[in-house]
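Protein chains in written order, with our numbering: chain A, 73 to 291; chain B, 73 to 291.
Number of protein chains: 2
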Amino acid sequence: MTQIVPIKTPLRDIMPEPTLRRLPWYLAYVSMLRSRNVEYVSSTAIAKEINVEATQIAKDLSFLNIRGKTRIGYAVAALERVLRSYLGFNREHNAVIIGVGSLGRALITDSGLTRYGLDIVAGLDVNPEIIGSSIMNVPVFDIKDIAEVRKNFSAEIAIITVPVEKAQETADIAIAAGAKALWNFTPFRIRTPEGIVVQNTSIYAHLAVMYNRLNLVNP
Amino acid sequence: MTQIVPIKTPLRDIMPEPTLRRLPWYLAYVSMLRSRNVEYVSSTAIAKEINVEATQIAKDLSFLNIRGKTRIGYAVAALERVLRSYLGFNREHNAVIIGVGSLGRALITDSGLTRYGLDIVAGLDVNPEIIGSSIMNVPVFDIKDIAEVRKNFSAEIAIITVPVEKAQETADIAIAAGAKALWNFTPFRIRTPEGIVVQNTSIYAHLAVMYNRLNLVNP
Numbered sequence: 073m074t075q076i077v078p079i080k081t082p083l084r085d086i087m088p089e090p091t092l093r094r095l096p097w098y099l100a101y102v103s104m105l106r107s108r109n110v111e112y113v114s115s116t117a118i119a120k121e122i123n124v125e126a127t128q129i130a131k132d133l134s135f136l137n138i139r140g141k142t143r144i145g146y147a148v149a150a151l152e153r154v155l156r157s158y159l160g161f162n163r164e165h166n167a168v169i170i171g172v173g174s175l176g177r178a179l180i181t182d183s184g185l186t187r188y189g190l191d192i193v194a195g196l197d198v199n200p201e202i203i204g205s206s207i208m209n210v211p212v213f214d215i216k217d218i219a220e221v222r223k224n225f226s227a228e229i230a231i232i233t234v235p236v237e238k239a240q241e242t243a244d245i246a247i248a249a250g251a252k253a254l255w256n257f258t259p260f261r262i263r264t265p266e267g268i269v270v271q272n273t274s275i276y277a278h279l280a281v282m283y284n285r286l287n288l289v290n291p
Numbered sequence: 073m074t075q076i077v078p079i080k081t082p083l084r085d086i087m088p089e090p091t092l093r094r095l096p097w098y099l100a101y102v103s104m105l106r107s108r109n110v111e112y113v114s115s116t117a118i119a120k121e122i123n124v125e126a127t128q129i130a131k132d133l134s135f136l137n138i139r140g141k142t143r144i145g146y147a148v149a150a151l152e153r154v155l156r157s158y159l160g161f162n163r164e165h166n167a168v169i170i171g172v173g174s175l176g177r178a179l180i181t182d183s184g185l186t187r188y189g190l191d192i193v194a195g196l197d198v199n200p201e202i203i204g205s206s207i208m209n210v211p212v213f214d215i216k217d218i219a220e221v222r223k224n225f226s227a228e229i230a231i232i233t234v235p236v237e238k239a240q241e242t243a244d245i246a247i248a249a250g251a252k253a254l255w256n257f258t259p260f261r262i263r264t265p266e267g268i269v270v271q272n273t274s275i276y277a278h279l280a281v282m283y284n285r286l287n288l289v290n291p
């Protein structure tokens with residue numbers, strides 16, 4: 073559900089989003105295989121485990137710089153390395169987080185994000201009681217100073233964890249401060265100018281789907 | 073991305089998942105309008121704000137028990153109430169969380185979930201150092217006792233925040249203990265028997281899409 077505006081620069085090899093969304097599943101599976109010291113895996117074996125057609129998997133992996141061997145399959149360690157690298161999980165991406173409330177604080181304390189290449193380097197908030205404090209060594213600044221903070225920490229990504237009614241206003245402020253990508257945790261559909269990447273992750277919206285299906289399956 | 077197996081009981085009015093996923097956007101927007109004391113809103117006005125076609129919005133809202141007035145639109149307060157109720161956000165859904173590590177702890181401390189109808193009533197883990205402790209009044213039990221804990225707390229939902237290589241094993245344990253819905257935060261594609269609802273929310277997978285688009289837009 074990334075909103076992306078078409079770019080008018082020469083066309084490059086843009087990976088379709090469904091493929092991009094499946095790659096982390098493959099990575100998860102091959103990481104597990106590696107932890108079990110499995111050396112090779114075929115797309116058929118992956119398919120069986122994660123419910124994606126083998127032909128689809130082979131097609132998805134053809135975007136990467138790796139080839140399976142006939143009748144043996146892919147080398148697990150190499151496939152894991154290539155996937156992790158392609159997905160950007162082994163690089164450091166700096167992010168500021170706007171809104172250091174309950175969810176913002178939770179994301180700062182989640183060390184899992186670091187393992188997937190995301191470094192939350194600073195928090196920004198309007199609340200004078202937390203401005204000047206730090207959470208797990210992440211300093212919290214006044215939202216007024218966002219432009220300077222973002223620049224000093226070389227953060228291209230702004231994570232938006234403000235109350236839903238502040239989502240658009242916060243997005244505008246982040247973009248004005250030079251953010252190139254917004255990771256929006258509110259269910260609000262923010263509007264952005266061309267060239268800004270928006271990733272929506274509304275975990276609360278996912279709850280609605282689950283409740284609904286739960287009632288249907290177990291009336 | 074909820075995996076749902078077709079049910080063979082008489083067909084009921086099942087809302088398409090895309091519609092279900094848009095409803096929280098409408099709710100977010102009308103909640104904001106209500107906080108600004110706006111009384112009526114048309115589907116055209118909503119469309120303008122959140123980038124969904126007005127006809128689509130009208131169609132989505134037709135699933136709900138509410139009608140807009142010609143030339144005036146929907147009553148904001150009523151629409152908010154109907155949406156919140158339809159989405160199940162005003163009911164209490166009990167959940168146990170399996171894996172009280174960094175992400176699990178973060179979800180327990182996120183009071184936002186409660187506002188969307190989810191009560192995390194207990195944690196389960198294998199780590200003897202945290203078994204017996206509590207986090208924000210949520211007690212942590214031994215995973216061995218999951219069946220009893222789940223039953224005592226009337227929790228139909230199990231949240232899975234274990235390391236990726238334990239995802240399938242944990243799902244199997246949760247289902248054996250009587251869980252009817254799994255909220256899977258790992259990127260692993262777990263397999264489940266018929267009748268079990270699975271909601272996948274891999275926030276780390278979303279990062280991959282964002283990194284990729286960020287590199288394309290800002291080479």
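For every residue, glycine included, the Cβ atom is placed at its ideal position computed from N, Cα and C.
(request) Identify whether VAL124(A) lies in helix, strand or coil by the three-state DSSP scheme. (result) Here residue 124(A) is taken as the residue at index 52 of the first sequence, counted from 1. Residue state, collapsed to three classes: coil.
(request) Name the residue from GLN271(B), VAL234(B), GLY189(B) whose alpha carbon lies nearest to the alpha carbon of GLY195(B). (result) For the purposes of this step, residue 195(B) is taken as residue 123 along the second sequence, with counting starting at 1. For the residues GLN271(B), VAL234(B), GLY189(B), the minimum Cα distance to GLY195(B) belongs to VAL234(B).
(message) Counting beta carbon pairs with one atom in the stretch 135-151 of chain A and one in the stretch 179-186 of chain A, are three or more of them shorter than 8 Å?
(response) no
(message) Once the 5 residues before and after GLY189(B) are set aside, which same chain residues still bring their CB inside 6 Å of it?
(response) Working through the second sequence from its first residue, we reach residue 189(B) at position 117. For GLY189(B), where only same-chain residues beyond five positions count, the Cβ hits under 6 Å are GLY160, PHE161, ARG163, HIS165.
(message) Strictly by DSSP, which residues pair up with TRP255(B)?
(response) To locate residue 255(B), count along the second sequence from 1; it is residue 183. TRP255(B) is bridged to ILE231(B), GLN271(B).
(request) Report yes or no: is there a C-beta of chain A within less than 7 Å of the C-beta of ILE144(B)? (result) As a first step, residue 144(B) is located in the second sequence; it is residue number 72 there, counting from the start. No, ILE144(B) does not count as interfacial toward chain A.
(request) Pull out every residue of the stretch 267-281 of chain B whose Cβ sits closer than 7 Å to any Cβ of chain A, in chain order. (result) GLY267, VAL269, GLN271, THR273, SER274, ILE275, TYR276, ALA277, HIS278, LEU279, ALA280, VAL281
(message) If you measure between the beta carbons of VAL193(B) and PHE225(B), is that distance less than 7 Å?
(response) For the purposes of this step, residue 193(B) is identified with residue 121 of the second sequence, where counting begins at 1. For the purposes of this step, residue 225(B) is identified with residue 153 of the second sequence, where counting begins at 1. In this structure, PHE225(B) lies closer than 7 Å to VAL193(B) by Cβ.
(message) Just to confirm the assignment, what range does the alpha helix (DSSP H) spanning ASP244(A) have?
(response) Translated into the one-based positions of the first sequence, residue 244(A) becomes position 172. Where ASP244(A) is concerned, the enclosing alpha helix (DSSP H) stretches over 239-248.
(message) Need the endpoints of the alpha helix (DSSP H) that GLY184(B) sits in, please.
(response) In the second sequence, counting from the first residue as 1, residue 184(B) sits at position 112. First-last of the alpha helix (DSSP H) with GLY184(B): 184-187.
(message) Can you list, in chain order, the residues of its chain with a C-beta nearer than 7 Å to that of PRO82(B)? Leave out the 5 residues immediately preceding and following it.
(response) Against the second sequence, residue 82(B) aligns to sequence position 10. Because PRO82(B) sits at a pLDDT of 37, beneath the cut-off of 50, its placement in the model cannot be relied upon, and the point is left open.
(message) Given this structure, state the Cα-to-Cα distance separating PRO265(A) from ARG106(B), to the nearest angstrom.
(response) The count along the first sequence starts at 1 and reaches residue 265(A) at position 193. The count along the second sequence starts at 1 and reaches residue 106(B) at position 34. Taking the straight line joining both Cα atoms gives about 27 Å.
(message) Report the start-end ranges of each alpha helix (DSSP H) in the stretch 135-203 of chain A that is 4 residues or longer and not cut off at the edges.
(response) 148-158, 174-181, 184-187
(request) Alpha carbon to alpha carbon, how far is PRO200(A) from ARG139(A)? Give it in angstroms, no decimals. (result) Within the first sequence, the letter at position 67 stands for residue 139(A). Within the first sequence, the letter at position 128 stands for residue 200(A). Distance between the alpha carbons of ARG139(A) and PRO200(A): 55 Å.
(request) Could you name the residues of the same chain whose beta carbon sits closer than 7 Å to that of VAL236(B), not counting the 5 residues immediately before and after it, in chain order? (result) Position 164 of the second sequence holds residue 236(B). Result list for VAL236(B): THR258, PRO259, PHE260, in chain order.
(message) Looking at the strands, I want to know which residues DSSP matches up with ILE262(A).
(response) If you number the first sequence from 1, residue 262(A) lands on position 190. Beta-bridge pairing links ILE262(A) to no other residue.
(message) Please list the terminal residues of the continuous beta strand (DSSP E) segment that includes VAL212(A).
(response) Here the question's residue 212(A) lines up with position 140 in the first sequence. VAL212(A) -> beta strand (DSSP E) spans 210-214.
(message) Can you pull out the residues from the stretch 236-258 of chain B whose beta carbon lies closer than 8 Å to at least one beta carbon of chain A?
(response) VAL236, GLU237, ALA239, LYS252, ALA253, TRP255, THR258
(request) Rounded to whole angstroms, what's the CA-CA distance from ASN284(B) to PRO96(A)? Just pull it up for me. (result) Locating residue 284(B) in the second sequence gives position 212, where the first residue counts as 1. Locating residue 96(A) in the first sequence gives position 24, where the first residue counts as 1. Each residue's Cα considered, the two are about 13 Å apart.
(message) Against chain B, with Cβ distances strictly below 7 Å, would GLY162(A) count as a contact?
(response) As a working note, residue 162(A) is residue 90 in the first sequence. According to the sequence displayed, residue 162(A) carries Asn and not Gly. By this cut-off, ASN162(A) is not an interface position.
(request) Use the C-beta contact count for GLU152(B): other C-beta atoms within 10 angstroms, 16 or more gives buried, fewer gives exposed. (result) Counted from its first residue, the second sequence places residue 152(B) at position 80. So GLU152(B) counts as buried.
(message) When you compare the CB positions of LEU288(B) and VAL281(A), do they come within less than 7 Å of one another, or not?
(response) Stepping through the second sequence from its first residue, residue 288(B) is reached at position 216. Stepping through the first sequence from its first residue, residue 281(A) is reached at position 209. Against a cut-off of 7 Å, the Cβ pair of VAL281(A) and LEU288(B) comes out as no contact.
(request) Following the continuous alpha helix (DSSP H) through GLU89(A), name the residue where it begins and the one where it ends. (result) Indexing the first sequence from 1 puts residue 89(A) at position 17. Taken as a continuous stretch (DSSP letters only), the alpha helix (DSSP H) holding GLU89(A) covers 89-107.
(request) Taking GLY184(B) as the query, report the chain A residues whose CB atoms sit under 7 Å from its CB, ordered along the chain. (result) For the purposes of this step, residue 184(B) is taken as residue 112 along the second sequence, with counting starting at 1. By Cβ distance, chain A contributes SER174, LEU175, TYR276.
(request) Pick helix, strand or coil for ARG118(B), following the three-state DSSP scheme. (result) As a first step, residue 118(B) is located in the second sequence; it is residue number 46 there, counting from the start. Note that residue 118(B) is Ile in the sequence shown here, rather than Arg. Reduced to three states, the DSSP call for ILE118(B) is helix.
(message) Residues of chain B with CB closer than 8 Å to the CB of GLY189(A), please, in chain order.
(response) Counting from one through the first sequence, the residue named residue 189(A) turns up at place 117. The answer, in chain order, is LEU279, TYR283.
(message) Once DSSP output is grouped into helix, strand and coil, what is the label at ALA113(A)?
(response) Residue numbering aside, residue 113(A) sits at position 41 when the first sequence is read from its first letter. Just to set this straight, residue 113(A) is Val in the shown sequence, not Ala. Reduced to three states, the DSSP call for VAL113(A) is strand.
(request) State the start and end residues of the unbroken alpha helix (DSSP H) segment that holds ILE218(A). (result) Taking the first residue of the first sequence as position 1, residue 218(A) is located at position 146. Taken as a continuous stretch (DSSP letters only), the alpha helix (DSSP H) holding ILE218(A) covers 218-224.
(request) Just mark VAL270(B) as buried or exposed, buried being the case when its beta carbon has 16 or more other beta carbons within 10 Å. (result) Walking along the second sequence from the start, residue 270(B) turns up at place 198. VAL270(B) should be labelled buried.
(request) Under the assumption that ILE231(A) contacts LEU179(A) (Cβ atoms under 8 Å), give the Cβ distance between them as a whole number of angstroms. (result) The residue given as residue 231(A) occupies position 159 in the first sequence. The residue given as residue 179(A) occupies position 107 in the first sequence. Yes, ILE231(A) and LEU179(A) are in contact; Cβ-Cβ is about 7 Å, under 8 Å.
(request) Determine whether the Cβ of MET208(A) lies closer than 7 Å to any Cβ atom of chain B. (result) Within the first sequence, the letter at position 136 stands for residue 208(A). No, MET208(A) does not count as interfacial toward chain B.
(request) Please decide whether ARG261(B) counts as near chain A, where near means a Cβ-Cβ distance under 7 Å. (result) Reading the second sequence from its first residue, position 189 is the one you call residue 261(B). Cβ-Cβ to chain A under 7 Å: yes for ARG261(B).
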